[in-house]
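Chemist:
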Amino acid sequence: MRILLINPNTSRAMTATVAAAAREVSGADVEIAAVCPDPGRGPAAVESHVDEVAAAAAVVELIRADLATGGSDAYVIACFGDPGLDAARELVDVPVIGIAEAAMHVAAIAGRRFAIVTTLGRTLGRARDLVARYGMERACAQYRAVEIPVLDLEEPDEQTLARIERECRAALDPPGSGAAGDPVDAIVLGCAGMADLCARLSARVDAPVIDGVAAAVGLAIGMARMGVRTGSRGEYAPPPVRKHPRNDAWVASEVRAGDAMTSLTQPTVREAMLWQT
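My numbering puts the sequence shown at residues 268 to 544.
1. Thinking C-alpha only, which one of Arg-467, Leu-439, Pro-304 is nearest Asp-424?
2. What runs of the alpha helix (DSSP H), each 4 residues or longer, lie entirely inside the segment 409 to 493?
3. Any chance the segment 312 to 320 sits against the segment 411 to 418, with 3 or more Cβ pairs inside 8 Å?
4. Suppose you measure from the CA of Ile-270 to the CA of Ala-324; what does that come to, to the nearest Å?
5. If you draw a straight line from the C-alpha of Leu-428 to the C-alpha of Asp-360, how long is it?
6. Comparing C-alpha positions only, which one of Val-472, Leu-391, Gly-457 sits nearest to Ala-482?
7. Within the 8 Å Cβ cut-off, does Gln-426 reach chain D?
8. Can you have a look at Val-495 and say buried or exposed, based on whether 16 or more other CB atoms are within 10 angstroms of its CB?
9. Should the segment 396 to 406 be called in touch with the segment 433 to 440, which here means at least 3 C-beta pairs below 8 Å?
10. Nearest-angstrom Cα distance between Asp-296 and Ser-339?
11. Can you give the Cα-Cα distance for Ile-376 and Ile-344, rounded to whole angstroms?
12. In chain order, what residues of the same chain have a beta carbon less than 7 Å from the beta carbon of Glu-432, not counting five sequence neighbours either side?
13. Just how far apart, CA to CA, sit Ser-278 and Arg-500?
14. Leaving out five residues on either side along the sequence, give the residues of the same chain with a beta carbon under 7 Å from the beta carbon of Ala-453.
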C-alpha cells in the first residue's frame with residue numbers, strides 16, 4: 268500500500284516531521300511518500316486565507332503529478348485547514364483524508380468533548396468553520412491559540428513545548444464555567460507541525476492528545492484495506508469534461524500567498540479523463 272502524504276507548504280523540514288509521524292503508525296507494509304511544493308509553487312506556511320488558497324492549488328498540483336506516475340492507494344493532506352480537500356476528492360476515487368477532519372473524529376471517540384489548540388489566533392475562525400462542517404459543534408468545547416508562527420515549529424525548543432503544554436492544561440482544567448470554559452477530555456493539535464510533540468504532550472498532561480497526521484494516516488490505511496472509496500455520484504463526481512473550454516479558463520490564473528506565487532495551469536480530472544477539444 269502506498270499513501271501520498273502532502274504537506275502543502277514549502278517547508279522541507281516540516282515535510283520530514285510529518286513523514287516521521289506518519290511512519291510511526293503506518294507499519295512496514297505501508298509506503299509513506301511525503302511531498303511538498305517547490306518554493307514558488309505554494310505558500311511558505313499556511314497562516315491566512317490567501318495562504319490557504321495557494322495551499323489548495325499546491326495540493327491539486329501534487330496529486331496531478333502523482334496520478335501521472337500511477338497514483339497512490341490513499342492521500343493525506345497534512346495541514347489543519349484541510350486545504351483542497353474537496354477538490355482532491357473530485358480528482359481521485361481512493362480515500363483522501365484531511366488531518367483536521369481525522370483528528371476531530373478520533374478525539375470525539377477518545378473523549379466526550381475536546382479542545383483545539385492551534386498556532387495563531389487569526390486561524391481560530393477557520394477552525395470553527397471546520398468544526399461546523401464536520402458536525403463537531405457538540406464535541407468541540409474550546410478553541411485555543413498559542414500564538415506561535417507555523418515555521419517556528421520546524422525546530423521547536425523547550426519553551427515552545429511549554430507554551431503548548433500550558434494551553435493544553437488550561438483546556439483540560441479551565442477556570443470558571445460556560446461554553447468557553449467547559450472542561451474537555453482530549454486535545455486536538457491544530458497544526459501538522461506539532462506532530463512530533465504529540466507523545467510528549469500527552470504524557471505531560473496525562474490526557475489524550477491527538478495528532479491529525481497520525482489520525483489521518485490510520486484512517487487512510489483502514490479505509491484502503493476495507494476497500495472504501497470516495498463516492499462519485501454527487502458532489503465528488505469527476506469535474507465535468509468540456510468540449511470547448513475557454514482558453515483563459517485555467518491558464519494564467521494565479522494565486523498570490525505572501526512571497527509565493529502558485530500558477531494554476533490545466534485542470535486534471537479523475538485519473539485517465541482528459542480535456543477534449
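All C-beta atoms in this analysis are idealised placements derived from N, C-alpha and C, irrespective of residue type, glycine included.
Modeler: The answer reads as follows:
1. When only C-alpha atoms are compared, the closest one is Arg-467.
2. Positions of the alpha helix (DSSP H) runs, each at least 4 residues long and wholly inside the segment 409 to 493, are given as 425 to 439, 465 to 472, 479 to 493 in order along the chain.
3. Contact holds: three or more Cβ-Cβ distances are below 8 Å.
4. If you take the alpha carbons of Ile-270 and Ala-324, they lie about 20 Å apart.
5. In a straight line, the C-alpha of Leu-428 is about 38 Å away from that of Asp-360.
6. The candidate whose alpha carbon is nearest that of Ala-482 is Gly-457.
7. Structure shown: chain D not included; a single protein chain is present.
8. Val-495 comes out exposed.
9. Cβ pair count under 8 Å is below three, so no.
10. When rounded, the separation of the alpha-carbon atoms in Asp-296 and Ser-339 is 14 Å.
11. Rounded to the nearest angstrom, the two C-alpha atoms are 21 Å apart.
12. Closer than 7 Å at the Cβ level, and outside the excluded window around Glu-432, lie Leu-468, Arg-471, Val-472.
13. One C-alpha to the other measures close to 36 Å.
14. Its chain contains Ala-374, Ala-377, Gly-378, Phe-381, Ala-474, Pro-475, Ile-477 as the residues whose beta carbon lies nearer than 7 Å to that of Ala-453, once the 5 sequence neighbours on both sides are disregarded; these appear in chain order.
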